[in-house]
Amino acid sequence: MRKFAFLVLTASTLAATAAWADEAPICTDRPTKANSTCTVPKGAWQVEADGVNWTQVKASGLKAETTAVAAATLKYGLTDSSDLQVTWTPYLQARVKGPGVDDKTDGVGDVWIRYKTRVHAGDKVSVALLPYVKIPTAAKGLGNDEVEGGVAVPISIALDGATLTFGPQVDLLLDADGDGRHAAVTNVVNLARPVTDKLSLVGELWTSTNFDPADTVTQVSADVAAAYLVAPTLQLDAGANFGLNRDTPDAQLYVGVSKRF
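Mapped onto mature numbering (1 follows the signal peptide of the UniProt record, and there is no 0), the consecutive letters of the sequence shown carry residue numbers -21 to -1, 1 to 240.
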């Protein structure tokens, strides 16, 4: 049923393409892990959703796979420079396989609430603030049942024919032993370049360091993606992330769609 609804949404928006010719192009926080500095226009709704998002980790003879289906972010434009965002995954599956092992856990994911406000919008540089909070709604075994939060500061720089985005972020997370909180610091360097008036290619380097008292863990990935503008308010995308050290998932693949109403 979820897959059918996803196909109906895509088909219906394709059929309405001609009516959007004069609208400003959609601006999204996907694909890749970087956040944009743009916001949804005041009074408008926008959906940014994964069709499927698959992640794989191999270690010690075991293979762990996580599959998220129809994870969606619903956005609403509050002002000309701010929006409210709610993200939820209706189906999430985590599976570990290996010699004598085949464990599977599935269910719904956590809810993430974000508020984005653009604090600077110059000719070359734009800056936004993006605080968030995670509401623990995930099924047992798919989350830590605790409220967590943080803030990102996306910074975009217009180059000659491309856009360079930096994404520093600080999170306050639950300690692994469940007693106390610690910080995690994330950054991303993202370069997006249009190839045609509809197709854009993106490359980025992502890093995250989790300062848990039990063990400090740093993850690094190289990410690539493509976004295709079917119509001014409809975008399709696909991407792949590749882990560059042993603490990072080996591979992550996804496809998605974004639509503004």
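Built from N, CA and C at the ideal position, the CB exists for glycine as well.
Quantities reported herein were computed from a predicted structural model and do not represent experimental measurements.
With 16 or more other CB atoms across the displayed protein chains lying within 10 angstroms of its CB, E127 is buried.
For N123, no beta strand (DSSP E) run applies, since DSSP gives it neither H nor E. For V75, same chain residues with a beta-carbon under 7 Å away, outside a window of 5 residues either side, are L41, A43, D82 in chain order.
A direct Cα-Cα distance of roughly 19 Å separates R9 from L71. According to the DSSP secondary-structure assignment, A118 is paired through a beta bridge with no residue.
Look at P110 here: in three-state DSSP terms it is strand. Residue burial is scored here from C-beta neighbours: K119 has fewer than 16 other C-beta atoms within 10 angstroms and is therefore classed as exposed. The way I'd put it, the stretch 89 to 108 doesn't touch the stretch 153 to 172; fewer than three beta-carbon pairs between them come closer than 8 Å. Within the model, the alpha-carbon separation for T45 versus T68 is close to 12 Å.
Cα atoms of V98 and L138: separation of roughly 20 Å, rounded to the nearest angstrom. Excluding the 5 residues flanking it on each side, G222 has same chain C-beta neighbours closer than 6 Å at S200, P228, D229, in chain order. Cα atoms of T84 and G140: separation of roughly 45 Å, rounded to the nearest angstrom. With 16 or more other Cβ atoms from the protein chains shown falling within 10 Å of its own Cβ, K12 counts as buried. As computed with DSSP, K95 is found in a beta bridge with D62. Note: A205 is bridge-paired with L180, A217 in the DSSP secondary-structure output. Where N224 is concerned, there is no enclosing beta strand (DSSP E), because DSSP gives it neither an H nor an E. Minimum Cα-Cα distance from V196 among the listed residues T188, V234, D202 corresponds to T188. In the DSSP secondary-structure assignment, E44 is bridged to Q35, R74.
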